[in-house]
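Residue numbers (my numbering), protein chains in the order written: chain A, 1 to 478; chain B, 1001 to 1478; chain C, 2001 to 2478; chain D, 3001 to 3478.
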């Protein structure tokens, strides 16, 4: 099934419990903190439904391409194309769009035997997701300080991490907190799990399951909602539309039926399901593509900002622009390479080249701040010369002054203001600040990303290069 | 005279014309966009008045130390101490506090003959400033795109830069725009001038003068005022107090009496007054000290954030903290060195070592983004796990959950939230975004800062090092 | 024809004039400054001859794959595979191996009409190269200071750049200097040309032609030959084998027959032949692949060095190793992507994706120093604890001490020394120093590389991204 | 006593056992691997003897200023001036000149009670050093892999680190290896100790003592001696003079008389003597000053290299030069600041500000590679266009060609070659490679340097800054 955007919005009016501070949000589709974000998500459904290239048929049903388990490189290309179409809609600013977690689950469904006795649950969930066009997000990290639970125990304060507190005939009961359910406010369901390795004895915490956002006992605690503070689309065009939201997930005695349990009482497996299946790779390939869309906005803005002051004629600025385009293409190459050197893994399936995917992930994580900083330099101090807001256009006298004094040979005053306001929303607004923080951590801290790279690296091959070289000569005779 | 904070606030109710967008602000001392910023500035006056070490006596009058023309290293230390005391009050977040432009003028008053026929005007202005404890700011940069006026002329659109449009018996009449009058909303007077070299034929633009903020024909166009959008001091403690504001200065036929004219019809001199006197050096020494105060807040926050999650025990994190403290001390050393190696310049006076001052300025300009980025890394993804706002404490049920689940062995929940909200205001809020932009450009683009360093460098000495070395050997005999 | 290594060595004994300082080298295949380098080059011929996958058949003849004009992606893969096999033989340390310039010429032969009246010459040269398995190098840069010839003219000193000094019936006569003919000592022929744009009036300098290394009037002025100073293969295993040499090419009235002239009296075309054909792209794709081979040696060494002291168990070191492998894979991805997104250009042919190729080139240029620096950090101060040379093994008493005291739980003493000597040859020897310089400039200064990226960037697309976004909203109503 | 250079050279002919590989060096003052280095060290003695400002009088004797225990800031300035004069002689390329370890011992002699029962030994040693103008070096680091001795024990192989193997009535007997006695070949005595913390049970390894270089049982194992491989001063002017050498120190049953023992059987104290006295600070202040001298050579070279090709006229190059001078001044400021904010510690004495000293040490450690890399960029590819060696000037035909073709409007050919050869010896030669490695580790790995900064940082003050800020506001009322 390919649902419409309206249908998706309708689904969000389901009694879910969302807090902004102490304010309980009744309807996320109309509340000024969320309505435009909700629409941006809904628009994705309309877009992919409208173009048959973005879905595939199986047994007479049509499913979004991000549910496609690839058998060929062409299948991988079809996945890529849909990721790209989705990412382009938000200029890469929606990190956890509906194709992210769906790709995790799809990857898992290519090697479900890893799940052992819960294999069927996983496959059923996969079928459910694609059939009902489910927007799933995840909460797979314990609260920050809770990674050393022994400290809590020592001080006799409750460990906050979500865990199974009871098993019943019809399922498990979970309580506690997980972070950081980006997009949850706009999603149908939340995948609960553990991306970071657990200690072997963290058995109740190993629960991996899926719950509807409106499940009894589930509350979402949103961070500050930036959309609400955008005074107009003109002032804050990105904040206005693309605040995907981040929430803590609180569960108080939430019941999860057995058929939605995927891992239970197995601390090792809880982590391995992501990396012993293409789950993590399919999911983070989307992250690469999403960042690439953002790069295109950044490069475009860099160039237009340079043009706005005529700086694009300066050789040193041209070099900076050339470098920007080189960075955009570098990531483009890393993404395309994932298909060229796709892996035949698991047997019978195709997976994006994992090493290139992790390399790109590392590149994004470690490059984003400096890229934005370089854009800041192009913007210069002039970003503060714009009036506080566009209401100057509503006052005839001010409008006249503004149009006279703020125009440049390159651009009319209003165009300049519009351009700078847009740039500011990418480099300086609170929305921008959240992205600067988020890009650094959305795939985990840099050491986590590098450890993924370490894990998948062909160390035996690297060592052989050195060993063979060293074996080819010996100490010289006396 | 050492005025009180209340007196300063009273002076700001003078009919000045300030716009936020199209909103005309009546009283900046009470308006929600400015009132706390105004108080932060006023508090500086009370602080320096309360402690006699921060003023000096001359001819029976007491003046703030930042008006002290130094004869000895001790005098320089007295200046430094007041800059530091002022900077500490805002944790280095007020860049254009009252001691900045005052220091420029004081430095100029140490070599006023540079001003030629306007020498007496300059000295009179200096006397006026210190006697009336004037808070002066400056607007010394043309609008961004206007640095190539020929483009405007070619397209037959008016060059927006401020210039003299008429000379009268009693003064000059100026019209046009200057950027970026940081702090002007809270100041008494604006110094108009040119820090960036003019083309030799830009004679009417060379005007350098001082005008009261409430002068007829003067309007301030403020950028977005962040203070107004801070929902509480708890959520945004820095935004709440320390938004120093930036404004474009528009003059429409504003009259400047001759006695407030310092340069006129001299494009070269317009720039040289800053660097042929200690003006630029005295003023930017304050910038160094101000940044140093910020570094202390940053290092303190880095350490407390690490403690909040127990990460301070991790060797790699400890190394990061060690590096933070090394950076703080590096700048501290560069500042202290300016006194140790103070210059006897101009004759009879003492000036901070200019090369060390510019070196520190360059260091601040090129280091700030990476320092904040490093703080971001210490904060981690956990910064988003805090509730949207502190109102959760006002709802008993939410409060109980919050206190139970958000506490850690290191900190109670509320303390954590308070700490993370503070950190966010330094790394992620729009206020933080403005600082990231501002630190890069407040002394001009990096090439300008480096050109100051280039100008003051002892090239003959450097070359001699190489020349002497090369002269000490020759080509070997055959 | 696929010549043997011995045949190639034989060809080098052709009377060529090579100077090291004032020493005239008679036979580069036996001289201690060049013999191992010569053998390393010769070995490439044997390697590619031995394995049929590295050549293709056309009209009954077999040619090396680097002469293959690609019609399909598979053809591109065949090219890539041979580049990789060649690069692996030298661990990426031979930058101008026989496949570099051959690839330029092959790319040109895919769009020869660009050459106008010299089209046939180019095609004949291409046929000659592949038929005779010619090792061509190039000299395509004017001497460093000569890029502003007007300075020379002003001072009345001769412009040193190579140029046509006379036209005869049977060809042109050239005199002057070109840099930097890397590998020329080991090559058959030199391509003379201009990779950097000429001024429009530099007509005689626009000559683009090919000459045998032993042509009358041609002399090679080698930089210091490092191989000669390697005391043994054990001490300097890389210097020993892989000093590819760099030479200035001096021509004194050298005659070039018309059929070897490709551009003449056309300053614009002299540059465009590289970028209006796949020449520059085919040639620099090899550069990418070559650097990738080096990355594998670097990553292997990094890991083994860490193991040698047990540091590989330290989490922070493991993170560094993970990052190293991420960098290796990033470049791998950028290379693979060039095939996945290959261009149908010129019509009927396939070319590696140019943007990804230039992006990789930029990445290599700007990353190499920091990568080596990171390897330095892994090596630590311990690199100096090794004895001066391996002769300690020849003295029984010293040998016993060495084996006792220098062994570690991880490695015997001799193995440690061997490993550290190898590492030093990549990070600290003069050979290493040359690579640090060379990687920064072998594709031109960084601004040149970035300008290539700028030139090929889809600016209209980038701008459209921004324009469409900005077109989708307008100023709000009052 | 202030000895002459000749006297110092004479002292080096004392039967010391030095190996280069298996070659036993008889006389380091005449051997081609060491003679110029020896002379460079000897010249320091003549220089400081010739100028009375570099020595002070006490009880009728004159001592070098680096033995001066400072009572005033002026005393610190006198120390600084001598360090600077010494460093200038080698352009900062001799890291362990005679003033380095002397300063450690002098600092210790300001708080000798730390040494407990060995206090008198320390003071006697200090008196001996200054009276006899002793050149002391040190070996204070265990062999690289030996920092985890338990690995050795587990595998039943001997731990190589130097330790006491026996106590006799007249002293202790030591055996084993220490690194890295830079300069030992040219020194009189070696200080043996432990700069890196020992495990509490490493008691025999805690020995801290002084032994003459020619003591029975002591052998020096030199790393490769670069001076020997310099073909002439013209080709390698820095290698020729300033290879200070690095050696492993091997002791086989070497006897140390009790009066030269400073720490014994005390693993904690072995480290603390450096940091509980001004020893580490006095010694590393010299490191700062030494690096500063190098910076001046670097900046001078950068400027002259830019002039040699006319690049100094390019704005972007001028900005680079401005930045170079800013870096030089930044370090200059950090050094001067150490005197301005000198510490009254220990009671009655003056010590350079430790925090600024460590900050400068960290700055040098983390900045050197990038500074050299920036110089590489200024040199460009043109560095390889120079002939292999200066013998081209000995052949009339080659000389004529060289002078014609290699000259530029800026410089004659020979001057260019001389300049580029000099630059290469700082950025590319093996000597340069050793400096690139050495600057990273001469004060220990970066984490060690940062831990020094961490240790000395005023954490309570930093925390108070944050605590006071946070205490000044509370959660808002409902």
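Don't be surprised by glycine CBs; every beta carbon is placed ideally from N, CA and C.
Practice problem: Please determine if the stretch 2414 to 2428 of chain C and the stretch 3258 to 3266 of chain D are in contact, where contact requires at least 3 C-beta pairs separated by less than 8 Å. | Solution: Taking a cut-off of 8 Å on C-beta distances, the stretch 2414 to 2428 of chain C does not touch the stretch 3258 to 3266 of chain D, as fewer than three cross pairs fall below it.
Self-check item: Nonlocal neighbours in the same chain, by C-beta distance under 7 Å from residue 1362 (chain B), ignoring five residues either side
Solution: Residues of the same chain with a CB within less than 7 Å of the CB of residue 1362 (chain B), apart from the 5 flanking positions on each side, are 1449, 1450, 1453 in chain order.
Self-check item: Assigned exposure category for residue 2120 (chain C) - 16 Cβ within 10 Å defines buried
Solution: By the neighbour-count rule (16 or more Cβ atoms within 10 Å), residue 2120 (chain C) is not buried but exposed.
Practice problem: Tell me whether residue 57 (chain A) sits in a helix, a strand or coil according to DSSP, three-state version. | Solution: Annotated three-state conformation of residue 57 (chain A) is strand, per DSSP.
Quiz item: Straight-line CA distance for residue 1298 (chain B) to residue 76 (chain A)?
Solution: Each residue's CA atom was taken as its position, placing residue 1298 (chain B) and residue 76 (chain A) some 46 Å apart.
Quiz item: Whose C-alpha, out of B:1307, B:1311, B:1280, is nearest the C-alpha of residue 1358 (chain B)?
Solution: Closest by alpha carbon: B:1280.
Quiz item: Of the residues D:3084, D:3343, D:3125, which one's Cα is nearest the Cα of residue 3355 (chain D)?
Solution: If we check each option's Cα against that of residue 3355 (chain D), D:3343 comes out closest.
Quiz prompt | 7 Å Cβ cutoff met for residue 3060 (chain D) and residue 2388 (chain C) | solution = Going by C-beta atoms, residue 3060 (chain D) is not nearer than 7 Å to residue 2388 (chain C).
Quiz item: What residues in its chain sit with their C-beta under 6 Å from that of residue 14 (chain A), if we drop five residues either side in the sequence?
Solution: Correct list, in chain order: 214.
Quiz item: Between residue 1026 (chain B) and the rest of its own chain, which residues show a CB-CB distance below 8 Å, the 5 nearest in sequence each way excluded?
Solution: Excluding sequence neighbours, residue 1026 (chain B) sits near nothing in its chain.
Quiz item: Going along the stretch 373 to 396 of chain A in order, which residues come within less than 9 Å of chain B, judged by CB to CB distance?
Solution: Listed by position along the chain: 373, 376, 377, 379, 380, 381, 382, 383, 384, 385, 386, 387, 388, 389, 390, 391, 392, 393, 394, 395.
Exercise. Taking all protein chains shown into account, decide if residue 972 (chain B) is buried (16 or more other Cβ within 10 angstroms of its Cβ) or exposed.
Key: Residue coverage of chain B in this structure runs from 1001 to 1478, which leaves residue 972 (chain B) outside it and unanswerable.
Practice problem: Give the C-beta separation of residue 1207 (chain B) and residue 1163 (chain B) to the nearest angstrom, bearing in mind that I take them to be a contact with Cβ-Cβ under 8 Å. | Solution: Their Cβ separation, rounded to whole angstroms, is 7 Å, which keeps residue 1207 (chain B) and residue 1163 (chain B) in contact under 8 Å.
Quiz prompt | Helix, strand or coil at residue 1206 (chain B) according to DSSP, with G and I counted as helix | solution = Helix.
Self-check item: chain D contacts made by the stretch 2395 to 2411 of chain C, where a contact means CB separation under 7 Å
Solution: Residues 2395, 2398, 2401, 2404, 2405, 2407, 2408, 2409, 2410.
Quiz item: Is the distance from the Cβ of residue 1094 (chain B) to the Cβ of residue 1242 (chain B) below 7 Å?
Solution: Yes; because the gap between Cβ atoms is below 7 Å, this pair is in contact.
Quiz prompt | Selected residue, minimal CA-CA separation from residue 2284 (chain C), among C:2033, C:2353, C:2322, C:2325 | solution = Nearest of C:2033, C:2353, C:2322, C:2325 to residue 2284 (chain C), Cα basis: C:2353.
Quiz item: So, is the C-beta of residue 453 (chain A) closer than 7 Å to a C-beta in chain C?
Solution: Yes, residue 453 (chain A) lies at the interface with chain C (some Cβ there is under 7 Å from its Cβ).
Quiz item: Taking C-alpha atoms, which residue in D:3307, D:3258, D:3222 lies nearest to residue 2384 (chain C)?
Solution: Closest option to residue 2384 (chain C), judged by alpha-carbon separation, among D:3307, D:3258, D:3222: D:3222.
Quiz prompt | Expected contact under 8 Å - CB spacing of residue 2409 (chain C) and residue 3157 (chain D) to nearest Å | solution = 7 Å between Cβ atoms; contact.
Practice problem: Report yes or no: do three or more beta-carbon pairs, one from the stretch 2241 to 2259 of chain C and one from the stretch 2035 to 2052 of chain C, lie closer than 8 Å? | Solution: Yes, they touch.
Quiz item: Under 7 Å between the Cβ atoms of residue 1182 (chain B) and residue 1246 (chain B)?
Solution: Against a cut-off of 7 Å, the Cβ pair of residue 1246 (chain B) and residue 1182 (chain B) comes out as a contact.
Quiz item: Buried or exposed: residue 196 (chain A), going by 16 or more other Cβ atoms within 10 Å of its Cβ?
Solution: So residue 196 (chain A) ends up on the exposed side.
Quiz item: Do the stretch 2127 to 2143 of chain C and the stretch 2170 to 2185 of chain C make contact, defined as three or more Cβ pairs closer than 8 Å?
Solution: Contact holds: three or more Cβ-Cβ distances are below 8 Å.
Self-check item: Residues that residue 359 (chain A) contacts on chain C, provided the C-beta gap is smaller than 7 Å
Solution: Result: 2326, 2329, 2330, 2333.
Self-check item: Residue closest to residue 80 (chain A), alpha-carbon to alpha-carbon, out of A:351, A:391, A:186
Solution: Each of A:351, A:391, A:186 was checked against the Cα of residue 80 (chain A), and the nearest Cα belongs to A:351.
Quiz item: Excluding sequence positions up to five away, which residues of its chain have a Cβ less than 6 Å from the Cβ of residue 1364 (chain B)?
Solution: By the criterion of a C-beta distance shorter than 6 Å, residue 1364 (chain B) is surrounded in its chain by 1291, once the five residues flanking it on both sides are discounted.
Quiz item: If residue 3258 (chain D) sits next to residue 3176 (chain D), beta carbons under 8 Å apart, how far is it from one beta carbon to the other, in whole angstroms?
Solution: The C-beta separation of residue 3258 (chain D) from residue 3176 (chain D) comes to about 19 Å, leaving the pair out of contact by the 8 Å criterion.
Quiz item: So is residue 94 (chain A) in contact with chain B if we call contact Cβ pairs under 7 Å?
Solution: Judged by the 7 Å Cβ criterion, residue 94 (chain A) is not in contact with chain B.
Quiz item: Does any residue of chain A bring its CB to less than 7 Å from the CB of residue 1278 (chain B)?
Solution: Judged by the 7 Å Cβ criterion, residue 1278 (chain B) is not in contact with chain A.
Self-check item: Bridge partner(s) assigned by DSSP for residue 2276 (chain C)
Solution: None, per the DSSP bridge assignment.
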